[in-house]
Amino acid sequence: MSKGLKILTVVIIVLCCAIGGIVWLFNGTITKTNLKYYEKYTLTNDIMPNLESLPEYEDIRFKYYHKNNFIFESDAYTLIVTYDEETYQEEKDKLDQKYYFQEEPLNDWTTVPKEPEFTLGTFYFRVLSEEAYRDEYHNNYPQKIYFIGTSDVTNEIAYIEFYDIDLDLINSLQEFLVRYCDWEVA
Numbered sequence: 008m009s010k011g012l013k014i015l016t017v018v019i020i021v022l023c024c025a026i027g028g029i030v031w032l033f034n035g036t037i038t039k040t041n042l043k044y045y046e047k048y049t050l051t052n053d054i055m056p057n058l059e060s061l062p063e064y065e066d067i068r069f070k071y072y073h074k075n076n077f078i079f080e081s082d083a084y085t086l087i088v089t090y091d092e093e094t095y096q097e098e099k100d101k102l103d104q105k106y107y108f109q110e111e112p113l114n115d116w117t118t119v120p121k122e123p124e125f126t127l128g129t130f131y132f133r134v135l136s137e138e139a140y141r142d143e144y145h146n147n148y149p150q151k152i153y154f155i156g157t158s159d160v161t162n163e164i165a166y167i168e169f170y171d172i173d174l175d176l177i178n179s180l181q182e183f184l185v186r187y188c189d190w191e192v193a
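This note's numbering numbers the first residue of the sequence shown as 8 and each following residue consecutively.
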């Protein structure tokens, strides 16, 4: 093998390693499950419940899921609260008084509207109204979307916020929750 070919091979290997390292550095996910992080987050969010406003619960789980695909980033916040049967029913009944839910199908630039209510595993999800909860920057579906899910089987209520300024469309809300919000189907 000639000296020039050896140098070219080394240069190609170094470039491949450098490009692979850059892709690895800018692609990935971050997951946080600390409730202190959630408490801090609710200081700037009026839609997700703060922990002090919740009645006595049996269990509570939080997950912050940050997905980074080179220059595209998304954030999902999920709070799942487990109640005893009586408290769960009381809290479930309050949801329609506390939140405005989307009644019309959701539309993005595709021709297929998405129904704002669906089931995934044991949870029945509803999307909050994009008109009622449009923020001061006019971020709305699909860039910013809120879900509330209830499970009569496990007596749980799930609150989910998703944000991605670059998102143009959602093909399936069920697939979206699993893929972009890291929802685990039970």
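Glycine included, C-beta positions come from ideal geometry on N, C-alpha and C. A quick note: this is a predicted structure, and the numbers were derived from the prediction, not measured.
Classification of residue i by the beta-carbon crowding that lies within 10 angstroms, buried from 16 upward
i	result
P123	buried
R133	buried
Q104	exposed
K121	buried
K74	buried
D66	exposed
E143	Interpretation of E143 is limited by its pLDDT of 48, a score under 50 that renders its predicted location unreliable; no figure is taken from the coordinates.
T40	exposed
K70	buried
Y107	exposed
P62	exposed
S60	exposed
K151	buried
L176	exposed
F169	buried
D171	buried
E92	exposed
Q19	First, the residue type needs correcting, since residue 19 is Ile and not Gln in the sequence shown. Flag for I19 reads exposed.
L86	buried
I180	The residue asked about is misnamed: residue 180 is Leu in this sequence, not Ile. It counts as buried.
V192	exposed
DSSP-derived helix/strand/coil call for residue i
i	result
D53	coil
I29	Confidence at I29 is low in this model, with a pLDDT of 45, below 50, so the placement of that residue is unreliable and no value is reported for it.
D103	helix
Y42	Sequence check: residue 42 is Leu here, not Tyr. In this structure, L42 counts as helix in the three-state DSSP scheme.
W190	coil
L113	strand
Y64	coil
E93	helix
For residue j and residue i, believed in contact at Cβ under 8 Å, the rounded distance
i	j	result
F183	I167	Actually they are not in contact, since the Cβ atoms of F183 and I167 sit about 10 Å apart, beyond 8 Å.
Y44	Y64	Y44 to Y64, Cβ: 18 Å. No contact.
T51	N57	Going by Cβ atoms, the distance from T51 to N57 rounds to 11 Å, so no, they are not a contact pair.
L174	P149	5 Å
Y131	T157	6 Å
I54	E98	With 8 Å as the limit, I54 and E98 do not qualify as a contact, their Cβ atoms being about 16 Å apart.
Y72	C188	6 Å
S136	Q109	5 Å
Terminal residues of the beta strand (DSSP E) in which residue i lies
i	result
D82	F79 to T89
Can you list, in chain order, the stretches of the beta strand (DSSP E) that have 3 or more residues and sit fully within the segment 122–185?
Fully enclosed beta strand (DSSP E) runs of 3 or longer: 124–127, 130–134, 151–158 and 163–170.
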